[in-house]
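In what follows, a structure is listed as structure tokens, so that the remarks can point back to it.
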Amino acid sequence: MSKGITKRSENYSEWYNEIVKRAELAENSAVRGCMVIKPYGFAIWEKMQRALDDMFKATGHQNAYFPLFVPKSFLEKEEEHAEGFAKECAVVTHYRLKANPDGKGLVVDPAAKLEEELIIRPTSEAVIWNTYKGWIQSWRDLPLLINQWCNVVRWEMRTRIFLRTAEFLWQEGHTAHATEAEAIEETEKILGIYATFAEEWMAMPVVQGIKTAGERFAGAVETYCIEALMQDGKALQSGTSHFLGQNFAKSFDVKFTNKEGQLEYAWATSWGVSTRLMGALIMAHSDDNGLVLPPKLAPIQVVIVPIHKTPEDLAAITAKVEPLIAELKAQGISVKYDDDEKQRSGWKFAEYELKGVPVRLGLGMRDLENGTVEVARRDTLTKESRPIEGITDYIANLLDEIQTVIYEKALKFREENTFLVDTWEDFKAQIEKGGFVMAHWDGTAETEEAVKNETKATIRCIPFNSIEQAGKCVYSGKDSAKRVVFAKAY
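When the letters of the sequence shown are read in order and numbered with my numbering, they come out as residues 2 to 491.
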């Protein structure tokens, strides 16, 4: 239950870890840096998957699956891509174990060494573009719009559940196009899908923009991103969409015959979001009592808890509740009736509060006599007595209201924690306090690196909708075209 949860104001990191554990979202596994996603946490991820998958398919994308293993020679073909991922690759060198000749246990069989090492995919551009060479011959084969849901491995040294793990779940889209303009349009379209999902499903406002050259995906010409602000004032990159130009097509010799009969290299994009969104969901909305879930992503949107003393009381309440459950389900609302007698109603109230269930209905014998039901909201921690007649429509509207209120609260927090800064001293002071700092940057990698080294802040993005245009760089004093978003980040 929520009793004893560390307060955000006291230790934000510990608070986060306790929410993950006590709400039964996930736990550390026996494998270093990896996690076990528990059923309640996975149910949230499934809702995320379903919503995003529908959005992808509505725009013409199809799902496929590609191998977990990437030959090292494939990864090497795009030099910038290879250099960017080399330090976090897990490598398979042998294909067999054998009994230890010196005693118990198993050892790697030296006779089973692979001719070529296999990389456990950190991302799939290499293996997918090698495959596309056989799929693309003519302009009639384009655009090729493919997505896959899978796991990837990036050997992180410092890990935290959902936010940064050695293995994580994600989707990765990989598309091929006949023209540069079509590929850029695709990149921007996907970023729009990610932003819509974050704001309309996760109730989490995001800033859309472009990454600097130093923050780009390895092998990309341009990286677009959405950035969200967490309650501790740190930024979280919540989705990226990459315009890859013709880099991968050239590396893997993917050519097509255009309408004029000439050979051209295809234009590429890739894009992805991961289980990191689970961490974003926790940190954007939850409070000192536990998880707060937007109704659209809550595995249980409404829980009904009977308050009774005798089996006869429970039977009477159940008889009243059964048609209510049917009505709620008919409206597409996920509902749970918790008549388990192993725990008292007070314990259940605290448990569902901890797990972020948006609406809780409490129903006792006095409620039956009065024709009422107690309605408790998780977002505001308020409750009221309502007539049970017409309660289904009221709850449907209430869930919509809660979704909006959670978003507006997060948006207000971001607005109150976004600061325009023009001097270096003010910049350093504000970065230390947290939040999005909008400041001018001269566009050089040298200044970007200097700011990072001195303050640990990075340029989160060059926003599409800048607050103003020309100014002076906050660090160097040189001319600057527009403000960018600086922040410390996860």
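Note that the Cβ used here is the ideal one computed from N, Cα and C, for glycine as well.
Practice task
Give the single residue among V486, G85, E77, F169 whose Cα lies nearest to the Cα of S30.
Solution key: Here residue 30 refers to the residue found at position 29 of the sequence shown. Among V486, G85, E77, F169, the Cα nearest to that of S30 belongs to F169.
Handout entry: Chain-order list of residues whose beta-carbon lies under 6 Å from that of V306 (same chain, five-residue window excluded)
Key = Working through the sequence shown from its first residue, we reach residue 306 at position 305. Here the set comprises D339, S346, K349, G363.
Practice task
Give the secondary structure of L364 by DSSP, where H, G and I count as helix, E and B as strand, and everything else as coil.
Solution key: Within the sequence shown, residue 364 is the residue found at index 363, counting from 1. Strand, per DSSP.
Problem - S3 in three-state terms, based on DSSP - result: As a first step, residue 3 is located in the sequence shown; it is residue number 2 there, counting from the start. For S3, the pLDDT reaches just 48, beneath the cut-off of 50, and the residue's location in the model is therefore unreliable, although a value from the coordinates is still provided. Note: S3 maps to coil in three-state DSSP.
Exercise for the section: Report yes if the CB atom of D368 is closer than 9 Å to the CB atom of V374, and no otherwise. Expected result: Position 367 of the sequence shown, counting from 1, holds the residue named residue 368. Position 373 of the sequence shown, counting from 1, holds the residue named residue 374. A contact, by the Cβ cut-off of 9 Å.
Practice task
Using DSSP bridges, identify the partner residues of H178.
Solution key: Mapped onto the sequence shown, residue 178 falls at position 177. In the DSSP output, where bridge partners are listed per residue, H178 has W268.
Problem - Beta-carbon separation (whole angstroms), R23 vs G291, contact threshold 8 Å - result: Within the sequence shown, the letter at position 22 stands for residue 23. Within the sequence shown, the letter at position 290 stands for residue 291. That belief holds up - the Cβ atoms of R23 and G291 are roughly 7 Å apart, short of 8 Å.
Practice task
Using beta-carbon positions only, say whether G34 and A167 come within less than 9 Å of one another.
Solution key: Working through the sequence shown from its first residue, we reach residue 34 at position 33. Working through the sequence shown from its first residue, we reach residue 167 at position 166. For G34 and A167, yes; Cβs fall inside 9 Å.
Practice task
Check whether the Cβ atoms of I396 and L329 lie closer than 9 Å to each other.
Solution key: Along the sequence shown, one-based indexing puts residue 396 at 395. Along the sequence shown, one-based indexing puts residue 329 at 328. Result yes, Cβ atoms of I396 and L329 sit closer than 9 Å.
Problem - Alpha carbon of V109 to alpha carbon of R159, nearest angstrom - result: Position 108 of the sequence shown, counted from the start, is the residue given in the question as residue 109. Position 158 of the sequence shown, counted from the start, is the residue given in the question as residue 159. One C-alpha to the other measures close to 28 Å.
Exercise for the section: In angstroms with no decimal places, state the Cα-to-Cα distance between V485 and L282. Expected result: The residue labelled residue 485 in the question sits at position 484 within the sequence shown. The residue labelled residue 282 in the question sits at position 281 within the sequence shown. Rounded to whole angstroms, V485 to L282 spans 25 Å at the Cα level.
Practice task
Using only alpha-carbon positions, find the residue among K105, A440, K489, A446 that is nearest to C474.
Solution key: Residue mapping note: residue 474 aligns to position 473 of the sequence shown, counting from 1. Per the Cα distances, A440.
Handout entry: Contacts around T224, its chain only, beta-carbon distance under 6 Å, and the 5 residues preceding and following it disregarded
Key = For this step, residue 224 is matched to residue 223 along the sequence shown. So the qualifying residues of the chain are K212, R217, F218, T241, H243.
Practice task
Within the same chain, show all residues whose beta-carbon is closer than 7 Å to that of Y17, passing over the 5 residues directly before and after it, in chain order.
Solution key: Taking the first residue of the sequence shown as position 1, residue 17 is located at position 16. Excluding positions up to five away in sequence, the list reads I283, M284.
Problem - Whole-Å CB distance - V128 paired with V71, under 8 Å assumed - result: Taking the sequence shown and counting its residues from 1, the one referred to as residue 128 is at position 127. Taking the sequence shown and counting its residues from 1, the one referred to as residue 71 is at position 70. Yes, V128 and V71 are in contact; Cβ-Cβ is about 5 Å, under 8 Å.
Exercise for the section: Quick one: measure Cβ to Cβ for M56 and F163, integer angstroms, because I've assumed they're closer than 8 Å. Expected result: Against the sequence shown, residue 56 aligns to sequence position 55. Against the sequence shown, residue 163 aligns to sequence position 162. Contact flag wrong, Cβ pair sits at about 22 Å.
Handout entry: Nearest to I387 (by Cα), restricted to the options D394, V376, T393
Key = Here the question's residue 387 lines up with position 386 in the sequence shown. Residue 387 is actually Arg in this sequence, not Ile. Closest by alpha carbon: V376.
Practice task
Express the C-alpha separation of T419 and E153 in angstroms, rounding to a whole number.
Solution key: Residue mapping note: residue 153 aligns to position 152 of the sequence shown, counting from 1. Residue mapping note: residue 419 aligns to position 418 of the sequence shown, counting from 1. The residue you asked about is not Glu; residue 153 is Val in the sequence shown. Roughly 34 Å separates the two Cα atoms.
Problem - Paired residues, beta bridge with D288 - DSSP - result: Start at 1 with the first residue of the sequence shown, and residue 288 comes out as number 287. BP columns for D288 point to G291.
Practice task
Measure the Cβ-Cβ separation of E183 and P144 and say whether it is below 9 Å.
Solution key: Here the question's residue 183 lines up with position 182 in the sequence shown. Here the question's residue 144 lines up with position 143 in the sequence shown. Taking 9 Å as the Cβ cut-off, E183 and P144 qualify as a contacting pair.
Handout entry: Top-ranked residue by Cα proximity to P464, from K190, A27, V92, I227
Key = In the sequence shown, counting from the first residue as 1, residue 464 sits at position 463. Comparing Cα-Cα distances from P464 to each of K190, A27, V92, I227, the minimum goes to I227.
Problem - Three-pair Cβ contact test at 8 Å for the region 121 to 139 versus the region 250 to 258 - result: yes
Handout entry: Those runs of the beta strand (DSSP E) which lie wholly inside the region 147 to 228 and span at least 3 residues
Key = 168 to 178, 208 to 211
Exercise for the section: Check Y476 in the structure and name its three-state DSSP category. Expected result: Numbered from 1 along the sequence shown, position 475 holds the residue referred to as residue 476. DSSP places Y476 in coil when its eight states are reduced to three.
Exercise for the section: In the DSSP assignment, find the alpha helix (DSSP H) that holds P40 and state where it starts and stops. Expected result: Position 39 of the sequence shown holds residue 40. Here the alpha helix (DSSP H) through P40 covers 40 to 59.
Practice task
Can you say whether E173 is buried or exposed, counting buried as having 16 or more other CB atoms within 10 angstroms of its CB?
Solution key: The count along the sequence shown starts at 1 and reaches residue 173 at position 172. The residue in question, E173, is buried, as its Cβ has 16 or more Cβ neighbours within 10 Å.
Exercise for the section: State yes or no: is the C-beta of R277 within less than 9 Å of the C-beta of R415? Expected result: Within the sequence shown, numbered from 1, the residue matching residue 277 stands at position 276. Within the sequence shown, numbered from 1, the residue matching residue 415 stands at position 414. The answer is no: Cβ separation not under 9 Å.
Problem - Residues sharing a beta bridge with T258, DSSP - result: As a position in the sequence shown, residue 258 is number 257, starting the count at 1. Note: T258 sits in a beta bridge opposite S139, L264.
Exercise for the section: Report buried or exposed for S74, applying the criterion of at least 16 other Cβ atoms within 10 angstroms of its Cβ. Expected result: One-based indexing of the sequence shown puts residue 74 at position 73. The residue is exposed, with fewer than 16 neighbouring Cβ atoms inside 10 Å.
Handout entry: Residue from G357, I407, K256 with nearest C-alpha to G141
Key = What you label residue 141 is simply residue 140 of the sequence shown in a count that begins at 1. A small fix is needed here, since residue 141 is Arg in this sequence, not Gly. Comparing Cα positions, the closest option is K256.
Practice task
Using beta-carbon positions only, say whether A204 and Y408 come within less than 9 Å of one another.
Solution key: Taking the sequence shown and counting its residues from 1, one reaches residue 204 at position 203. Taking the sequence shown and counting its residues from 1, one reaches residue 408 at position 407. Contact flag set, yes.
Exercise for the section: Closer than 7 Å by C-beta to E81: which residues in its own chain qualify, once you throw out the five before and the five after it? Chain order, please. Expected result: Stepping through the sequence shown from its first residue, residue 81 is reached at position 80. Correct list, in chain order: A219, G220.
Problem - For S242: DSSP bridge partner residues - result: Sequence index remark: in the sequence shown, residue 242 carries index 241 (1-based). Answer by DSSP bridge pairing, in chain order: Y225, W272.
Exercise for the section: Could you tell me the distance, in whole angstroms, from the CA atom of N259 to the CA atom of E265? Expected result: Within the sequence shown, the letter at position 258 stands for residue 259. Within the sequence shown, the letter at position 264 stands for residue 265. Going from the Cα of N259 to the Cα of E265 covers about 7 Å.
Handout entry: Inter-residue spacing [alpha-carbon to alpha-carbon] between E352 and E157
Key = Along the sequence shown, one-based indexing puts residue 352 at 351. Along the sequence shown, one-based indexing puts residue 157 at 156. When rounded, the distance between both Cα atoms is 33 Å.
Handout entry: Whole-angstrom C-beta distance between V358 and A299, which should lie under 8 Å
Key = The residue given as residue 299 occupies position 298 in the sequence shown. The residue given as residue 358 occupies position 357 in the sequence shown. Right, their Cβ atoms sit about 6 Å apart.
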